[in-house]
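K.L.:
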Amino acid sequence: MIKIAIIGVGTVGESVVKILQENRDIITARAGKEIVPVVGVVRSLEKKRDVDIELTSSVEDVLKRDDIDMVIELMGGVEEPYKVVRSALESGKSVVTANKALLAYHRYELQDIAGDIPFEYEASVAGGIPIITALRDGLSANHIESIQGIMNGTSNFILTKMINEGEDFNKVLKEAQDLGYAEADPTFDVGGFDAGHKLLILASIAYGIDAKPEDILIEGITEISADDIEFANEFGYSIKLLGIAKRVGDEVELRVHPTLVPNSDMIAKVDGVMNGVSVIGDRVGETLYYGAGAGGDATASAVVANIIDIVRHDKKAPMLGFKKPLENGELKLKSRDDIKTRYYIRVEVEDRAGVLAELSKILGDSGISIEAMLQKNIDENSANLLLSTHKTTEKSIVEAINKIETLSSVKKRPYMIRIEK
């Protein structure tokens, strides 16, 4: 019998307990041993939990128990969970976590502490989709060329509604909050930070890159407008919040931002609250992983799968999936200034002769050529110019936008979305 302690009995924690209890027979058959949740740690014992296990508010007491074989960390946050997981590993207990923020900051330290002690984290990225297992195990024979993922269901729901129904961001955000898809403070989701944490975890498995959220380009979806969506529709694109990891020579790009992707791409067809991750390997080509990226049952399903895997195999593989540095440890994080792609720019300007020529000159002086353009009138005096460019560097486009903003004909700072083909 394997005895489980659950640290953090919220929506996911309750679901983990129920799955282990209600699906006990099939889980025992697959694991080869009975797995029993015996205790849960909660912040307040006064709040009612829909679980039939012992509850306590003392993490320390649970971690000291000799009868606990495995700790499931579902607390949320960074530093406090790090202390809990480190203590559990140092006491020889296996650990499963769903905490992407914890791993975004401490995955390498925890791998060193874990050593041969099983430490799994499938539910930290894309909920119930087994992308960690696919990338770490199923694609382990491949050099990973790129990863593109819709990894935040809240943002994807909002963008899908804006595109399909023509609603503005704030109205759809309110609907997402009413439906429980978005938090009262949605910044973590719509600002791109949640997807950024997940991307860092995948990039470590694929490339061995040790970066923190502050080291990479992260932008959210809050400034996307109806005009941006109209431009996308006109030229055959969808707008998605993507996490992108891409190897270019001995460097790896890591970035999260709204992206114009061709409607023909598989990732463009992932709508609503669903998640999808595209991985291109040098041998297998493109593979796509699709499914529910959040929610109590979907996330708990991935947690329980990790529990079963540990019990079944008594795994002693490194947490991030490599025993020696990947690519001889020669890969490094690409500077955001050197990222090269195509761009879409929205500029609100005075509707008068010569404005487009002014913009074109600035772009041309920066070595940037225009690929396509639309004009959307706002009123009799103002218009939005919607431009797409050929490939250029992030540094060049930012410098050009800074210059465009200073023009007397420009009414507000231009807005930019990157284009991936």
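Residue 77 in this note's numbering sits at position 74 of the sequence shown, and the numbers go up by one each step.
Positions of the beta carbon are idealized from the N, C-alpha and C atoms, including for glycine.
(1) What residue does the alpha helix (DSSP H) around I310 start on, and which one ends it?
(2) Report buried or exposed for I242, applying the criterion of at least 16 other Cβ atoms within 10 angstroms of its Cβ.
(3) Indicate the three-state DSSP secondary structure (helix, strand or coil) for I120 in the structure shown.
(4) Looking only at C-alpha atoms, which of V45, K50, D55, D53 sits nearest to D64?
(5) What are the boundary residues of the alpha helix (DSSP H) that I161 is part of?
(6) Assuming G299 contacts E17 under a Cβ cut-off of 8 Å, what Cβ separation, rounded to an integer in Å, is found between them?
(7) Do L336 and I150 come within 8 Å of each other at the CB atom, strictly closer than that value?
(8) Give the DSSP-derived three-state secondary structure of E351 in the structure shown.
(9) Would you report the Cα separation of A34 and I166, rounded to the nearest angstrom?
(10) Find the nearest neighbour of R258 within the set P417, I247, M376, judged by alpha-carbon distance.
(11) Please report how far the alpha carbon of L302 lies from the alpha carbon of I120, in whole angstroms.
(12) Between the alpha carbons of I71 and G183, how many angstroms are there, rounded?
(13) Using a Cβ-Cβ cut-off of 7 Å (strictly less than) and excluding sequence neighbours within five positions of A403, which residues of its own chain qualify?
(14) Determine the DSSP secondary structure at L389, reduced to helix, strand or coil.
(15) Once DSSP output is grouped into helix, strand and coil, what is the label at L105?
(16) So, helix, strand or coil for E333, using DSSP?
(17) Tell me which same chain residues have a C-beta within less than 7 Å of the C-beta of P321, skipping the five on either side of it?
(18) Using 10 angstroms around the beta-carbon of D171, count the other beta-carbons present and answer buried if the total reaches 16, otherwise exposed.
(19) What residue ranges within the stretch 202-268 form continuous beta strand (DSSP E) runs of no fewer than 3 residues, ordered along the chain?
(20) According to DSSP, simplified to helix, strand and coil, what is K272?
(21) Just the C-alpha distance for I270 and A295, rounded to the nearest angstrom, thanks.
(22) Identify, in the order they occur along the chain, each residue of the same chain with its Cβ nearer than 8 Å to the Cβ of D383, setting aside the five sequence neighbours on each side.
(23) Taking the C-alpha atoms as reference points, what is the distance between L105 and E256?
(24) Would you say V74 and I10 are within 8 Å of each other, going by their C-beta atoms?
(25) Which value, in whole angstroms, describes the spacing of the CA atoms of L244 and N159?
P.N.:
Taking the structure as given:
(1) 299-316
(2) buried
(3) coil
(4) V45
(5) 156-168
(6) 7 Å
(7) no
(8) strand
(9) 44 Å
(10) I247
(11) The question names Leu, yet the displayed sequence has Thr at residue 302. The straight-line gap from Cα to Cα measures roughly 23 Å.
(12) 34 Å
(13) I365, L366, S369, I371
(14) strand
(15) helix
(16) coil
(17) Q114
(18) exposed
(19) 240-251, 254-265
(20) helix
(21) 14 Å
(22) Note on residue identity: the sequence assigns Glu, not Asp, to residue 383. Here the set comprises D354.
(23) 22 Å
(24) yes
(25) 7 Å
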